[in-house]
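K.L.:
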Amino acid sequence: MKGVILAAGKGERLRPLTDDRPKVVLKVANRPIIEYVLENLDPFVDEFIIIVRYQKERLIRVIGDEFNGKPITYVEQLPGEGTAKAIESAREQVGNEEFIAANGDIYFEIDGVKELISAFRREKADAAVLVKEFDDLSHFGRIEVDGNRVTAVREKPGKVSGYANLGVYIFKPEVFEFIERTPLSARGEYEITDTLNLMIEAGRKVTYAVYPGYWNDVGRPWNLLELNEYLLKNKLRHEIRGIVEEGATIVPPVEIGEGTVVRSGAYIVGPVKIGKNSRIGPNCFIRPHTSIGDNCHVGNAVEIKNSIIMDNSNAPHLNYVGDSIIGENTNLGAGTITANLRHDRGNVKVEIKGKLEDSGRHKLGAIIGHNVKVGINVSIYPGRKIGSGSFIGPGVVVDVNVPPRSLVVV
Ligand code: TTP
Numbered sequence: 005m006k007g008v009i010l011a012a013g014k015g016e017r018l019r020p021l022t023d024d025r026p027k028v029v030l031k032v033a034n035r036p037i038i039e040y041v042l043e044n045l046d047p048f049v050d051e052f053i054i055i056v057r058y059q060k061e062r063l064i065r066v067i068g069d070e071f072n073g074k075p076i077t078y079v080e081q082l083p084g085e086g087t088a089k090a091i092e093s094a095r096e097q098v099g100n101e102e103f104i105a106a107n108g109d110i111y112f113e114i115d116g117v118k119e120l121i122s123a124f125r126r127e128k129a130d131a132a133v134l135v136k137e138f139d140d141l142s143h144f145g146r147i148e149v150d151g152n153r154v155t156a157v158r159e160k161p162g163k164v165s166g167y168a169n170l171g172v173y174i175f176k177p178e179v180f181e182f183i184e185r186t187p188l189s190a191r192g193e194y195e196i197t198d199t200l201n202l203m204i205e206a207g208r209k210v211t212y213a214v215y216p217g218y219w220n221d222v223g224r225p226w227n228l229l230e231l232n233e234y235l236l237k238n239k240l241r242h243e244i245r246g247i248v249e250e251g252a253t254i255v256p257p258v259e260i261g262e263g264t265v266v267r268s269g270a271y272i273v274g275p276v277k278i279g280k281n282s283r284i285g286p287n288c289f290i291r292p293h294t295s296i297g298d299n300c301h302v303g304n305a306v307e308i309k310n311s312i313i314m315d316n317s318n319a320p321h322l323n324y325v326g327d328s329i330i331g332e333n334t335n336l337g338a339g340t341i342t343a344n345l346r347h348d349r350g351n352v353k354v355e356i357k358g359k360l361e362d363s364g365r366h367k368l369g370a371i372i373g374h375n376v377k378v379g380i381n382v383s384i385y386p387g388r389k390i391g392s393g394s395f396i397g398p399g400v401v402v403d404v405n406v407p408p409r410s411l412v413v414v
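Position one of the sequence shown corresponds to residue 5 (our numbering), numbered consecutively onward.
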C-alpha cells in the first residue's frame with residue numbers, strides 16, 4: 005500500500021513560522037512534524053508520495069528522497085486549492101491499489117492506522133476515515149455515523165460534541181472519479197470531505213475507526229507547544245551524548261545531543277531536549293517541556309520554560325523565554341524578555357489570519373519567526389508575533405504584531 009501525505013498548504017495560521025517554509029518542516033521536539041507522520045505510516049506502506057506546492061524546495065531538501073529505506077516521491081499539487089485536489093494529484097502514482105492518505109501537519113500514532121486498516125478490511129468498505137470524539141467540534145469536520153457506516157461529513161458544525169475527522173483516510177482508486185465531480189466549497193476549495201459525501205450519496209460504503217490515542221492538528225502556533233509538551237513527556241529518553249561540566253545539574257529525563265556542552269551552574273529540569281553542538285550556560289535555568297535545537301546558545305542568567313527554540317538561535321544573556329516559540333537563526337539581545345501571562349489572568353488571544361483567537365491558554369509568550377534580530381532590553385507582550393527577517397531595535401516594547409522584514413525602533 006502507498007501512503008499519500010498532503011503537504012502543499014500555505015500554513016497561513018502558523019505565520020510567522022511559515023513565512024518562508026511549509027509548516028510540515030517546522031521542528032517540534034527537534035524533528036520536522038512530517039517525520040512523525042512518515043514514522044507512524046511506515047509499518048503499513050511500501051512507498052510515500054508527498055504532495056507539495058508552497059515552498060516545496062525547502063521541504064524536499066529537508067526530508068530527502070527516502071524514509072527508513074522507503075522511497076519518497078514528491079508530486080506538485082494540481083492547480084486549485086483543497087485536500088481533494090491534493091489527493092487527486094497522486095492519481096498516477098497510486099495506480100490501481102488502495103492507499104492511505106493523511107494530512108502532513110497532524111500528529112497521530114501507529115494504533116490509529118492499525119485500527120483504520122482493520123475497519124476498512126472488516127467492513128469491506130470503499131473508504132475509511134479515522135475519527136475521535138471531542139466535546140467541541142467548532143474547529144473540526146463532524147463525522148456522522150449509523151452503526152459501522154459514515155452517513156455524512158459536516159464541516160465546522162459549531163460547539164457540539166461528536167466524532168471529529170482526524171485527516172487520515174483509506175481510499176480505493178475509484179475515489180478519483182468522485183474527486184472529479186467534487187464541487188468547489190463555500191471557502192473556495194475542493195475538499196475531500198465533500199468527496200466523501202458524494203461517495204455516501206452514491207451508495208458507497210464509507211466506514212470509520214475510533215482512535216483512542218493522542219492526536220494534534222498543528223494549525224495554530226500554540227498547537228506546536230502542546231505537541232512539544234506531549235512528545236517530551238511521553239517519548240523522551242534520558243540520554244546525554246554531549247559534555248556536561250562539573251557543577252551543572254541535570255534532572256532526568258534530558259536528552260543532550262552530540263557536541264553540545266552544558267557548562268557549570270546550568271540547572272536543567274526535564275523533560276528537556278537539546279540538539280547537537282549547542283552551548284548551554286554557564287548559570288542558566290532550563291525548565292520542563294523545552295526543546296532547544298542544534299547550534300543554539302543559551303547563556304548566563306537565562307531562564308527558559310515550556311518553549312521551542314529552533315536551530316541556530318540564541319538567548320545568550322539575561323533573557324526570560326516562557327511558553328514561546330523562537331524560529332531558526334534568531335537572536336535575542338541581552339535583557340530581552342517575553343511576557344507569558346496577562347495581568348487579568350485571562351486567556352491569551354492571538355491574531356490568526358486577521359482575527360483575534362482565544363488560544364485557550366492562560367500562559368502563552370512570544371511567537372518569533374526565523375532570521376529575526378532582537379535588540380537589548382526588548383519586552384514582548386503575551387501572544388505577540390514577530391515576522392521573519394525583522395529587526396527590533398533596543399528598548400522596544402512589542403505590544404502589536406510585527407510583519408515580516410520590519411524594522412522597529414523607538
Ligand atoms: P489546512 O490546515 O486546512 O490548510 P493549510 O495547511 O494551508 O493551513 P492554513 O489553513 O493555516 O493556511 O490543510 C490540511 C492539510 O491539507 C494540510 O496537511 C495541508 C494539506 N493541504 C494541501 O496539501 N493542499 C491544499 O490545497 C490545502 C488547502 C491543504
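Note that the Cβ used here is the ideal one computed from N, Cα and C, for glycine as well.
Here the structure is a predicted model, which is why all the values come from computation and not from measurement.
1) Can you tell me which of L345, P292, G7 puts its alpha carbon nearest to the alpha carbon of P275?
2) Buried or exposed for E332, going by 16 or more other Cβ atoms inside 10 Å?
3) Could you pull the DSSP bridge partners for Y51 from this structure?
4) Report the three-state DSSP secondary structure of A88 (helix, strand or coil).
5) Any heavy atom of ligand 1 inside 7 angstroms of the beta-carbon of T186?
6) Contact between the stretch 223-234 and the stretch 112-127 is defined here as three or more beta-carbon pairs at a separation below 8 angstroms; is this criterion met?
7) Pull up the DSSP beta-bridge partners for K309, would you.
8) Which word fits H242, buried or exposed, when buried means at least 16 other C-beta atoms lie within 10 angstroms of its C-beta?
9) At a cut-off of 7 angstroms, is N169 close to ligand 1 when judged by its beta-carbon and the heavy atoms of the ligand?
10) Just to check, is the beta-carbon of I341 closer than 7 angstroms to a non-hydrogen atom of ligand 1?
11) Which residues does DSSP pair with P398 in a beta bridge?
12) In this structure, what does DSSP give as the bridge partners for G145?
13) Within 7 angstroms: the Cβ of K14 and any heavy atom of ligand 1?
14) Do the stretch 36-44 and the stretch 102-111 make contact, defined as three or more Cβ pairs closer than 8 angstroms?
15) Between the alpha carbons of C300 and G246, how many angstroms are there, rounded?
16) Run the CB neighbour count on N262, radius 10 Å, all protein chains shown included, and call it buried at 16 or more, exposed below.
17) Evaluate E259 with the Cβ neighbour count: other Cβ atoms within 10 Å of its Cβ, from every protein chain shown; 16 or more gives buried, anything less gives exposed.
18) Quick check: what's the CA-CA separation for Y218 versus E113?
19) Quick check on G364: buried or exposed, where buried means 16 or more other Cβ atoms within 10 Å of its Cβ?
20) Where A90 and Q81 are concerned, what is the direct C-alpha to C-alpha distance, given to the nearest angstrom?
21) Using a 10 Å radius around the Cβ and a threshold of 16 neighbouring Cβ atoms, would you call V164 buried or exposed?
22) Taking 7 angstroms as the cut-off, does the CB of E193 come closer than this to any heavy atom belonging to ligand 1?
23) Does S93 come out as helix, strand or coil in the three-state DSSP assignment?
24) According to the Cβ coordinates, are I329 and I396 closer than 8 angstroms?
25) Does the beta-carbon of I147, which I'm using as the reference point, lie nearer than 7 angstroms to any heavy atom of ligand 1?
26) Just to check, is the beta-carbon of A11 closer than 7 angstroms to a non-hydrogen atom of ligand 1?
27) For K277, is the classification buried or exposed, using 16 other Cβ atoms within 10 angstroms of its Cβ as the cut-off for buried?
28) Quick check: the Cα distance between E159 and T197, rounded to an integer number of angstroms?
29) By how many angstroms is the C-alpha of V378 removed from the C-alpha of G399?
30) Quick one: grab the DSSP three-state call for S165.
31) Quick one: is D327 buried, meaning 16 or more other Cβ sit within 10 Å of its Cβ, or exposed?
32) Going by the beta-carbon positions, is the gap between N344 and L368 smaller than 8 angstroms?
P.N.:
Let me lay it out:
1) The residue given as residue 275 occupies position 271 in the sequence shown. For P275, the nearest C-alpha among the options comes from P292.
2) Here residue 332 refers to the residue found at position 328 when the sequence shown is read from its first residue. Classification of E332: buried, given that the 10 Å Cβ count is 16 or more.
3) Position 47 of the sequence shown, counted from the start, is the residue given in the question as residue 51. The identity of residue 51 in the sequence shown is Glu, whereas the question assumes Tyr. In DSSP, E51 forms a bridge with K6.
4) For the purposes of this step, residue 88 is identified with residue 84 of the sequence shown, where counting begins at 1. In this structure, A88 counts as helix in the three-state DSSP scheme.
5) Locating residue 186 in the sequence shown gives position 182, where the first residue counts as 1. Every heavy atom of ligand 1 is 7 angstroms or more from the Cβ of T186, so no.
6) no
7) As a first step, residue 309 is located in the sequence shown; it is residue number 305 there, counting from the start. Beta-bridge pairing links K309 to G326.
8) In the sequence shown, counting from the first residue as 1, residue 242 sits at position 238. By the neighbour-count rule (16 or more Cβ atoms within 10 Å), H242 is not buried but exposed.
9) The residue given as residue 169 occupies position 165 in the sequence shown. Not under cutoff, so the answer is no.
10) The sequence position of residue 341 within the sequence shown is 337, counting from 1. No, the Cβ of I341 stays beyond 7 angstroms of every heavy atom of ligand 1.
11) Against the sequence shown, residue 398 aligns to sequence position 394. P398 is not bridged to any residue.
12) The residue you call residue 145 lines up with position 141 of the sequence shown. The partner list for G145 (beta bridge, DSSP) reads E159.
13) Start at 1 with the first residue of the sequence shown, and residue 14 comes out as number 10. Indeed, a heavy atom of ligand 1 lies less than 7 angstroms from the Cβ.
14) yes
15) Your numbering for residue 300 matches position 296 in the sequence shown. Your numbering for residue 246 matches position 242 in the sequence shown. Whole-angstrom Cα-Cα distance: 14 angstroms.
16) Along the sequence shown, read from residue 1 onward, the residue named residue 262 stands at position 258. Per the sequence shown, residue 262 should be read as Glu rather than Asn. So E262 counts as exposed.
17) On the sequence shown, residue 259 is found 255 positions in, with the first residue counted as 1. E259 should be labelled buried.
18) Walking along the sequence shown from the start, residue 218 turns up at place 214. Walking along the sequence shown from the start, residue 113 turns up at place 109. Taking the straight line from one Cα to the other gives about 7 angstroms.
19) Position 360 of the sequence shown, counted from the first residue, corresponds to residue 364. Exposed: under 16 other Cβ atoms inside 10 Å.
20) As a position in the sequence shown, residue 90 is number 86, starting the count at 1. As a position in the sequence shown, residue 81 is number 77, starting the count at 1. Cα to Cα, A90 sits roughly 5 angstroms from Q81.
21) As a working mapping, residue 164 is identified with position 160 in the sequence shown. Answer is exposed; the Cβ neighbour count stays below 16.
22) As a first step, residue 193 must be located in the sequence shown, where it is residue number 189. The answer is yes for E193.
23) Stepping through the sequence shown from its first residue, residue 93 is reached at position 89. If DSSP states are grouped into helix, strand and coil, S93 belongs with coil.
24) Position 325 of the sequence shown, counting from 1, holds the residue named residue 329. Position 392 of the sequence shown, counting from 1, holds the residue named residue 396. Result no, Cβ atoms of I329 and I396 do not sit closer than 8 angstroms.
25) Taking the sequence shown and counting its residues from 1, the one referred to as residue 147 is at position 143. No, ligand 1 has no heavy atom inside 7 angstroms of this Cβ.
26) What you label residue 11 is simply residue 7 of the sequence shown in a count that begins at 1. Flag set: Cβ of A11 near ligand 1.
27) Residue 277 sits at position 273 when you count from the first residue of the sequence shown. Classification of K277: buried, given that the 10 Å Cβ count is 16 or more.
28) Position 155 of the sequence shown, counting from 1, holds the residue named residue 159. Position 193 of the sequence shown, counting from 1, holds the residue named residue 197. E159 and T197: Cα-Cα distance of roughly 8 angstroms.
29) Indexing the sequence shown from 1 puts residue 399 at position 395. Indexing the sequence shown from 1 puts residue 378 at position 374. Those two C-alpha atoms are separated by around 10 angstroms.
30) As a first step, residue 165 is located in the sequence shown; it is residue number 161 there, counting from the start. Coil.
31) Here residue 327 is taken as the residue at index 323 of the sequence shown, counted from 1. When all chains shown are included, D327 counts as buried.
32) Within the sequence shown, numbered from 1, the residue matching residue 344 stands at position 340. Within the sequence shown, numbered from 1, the residue matching residue 368 stands at position 364. Contact: yes.
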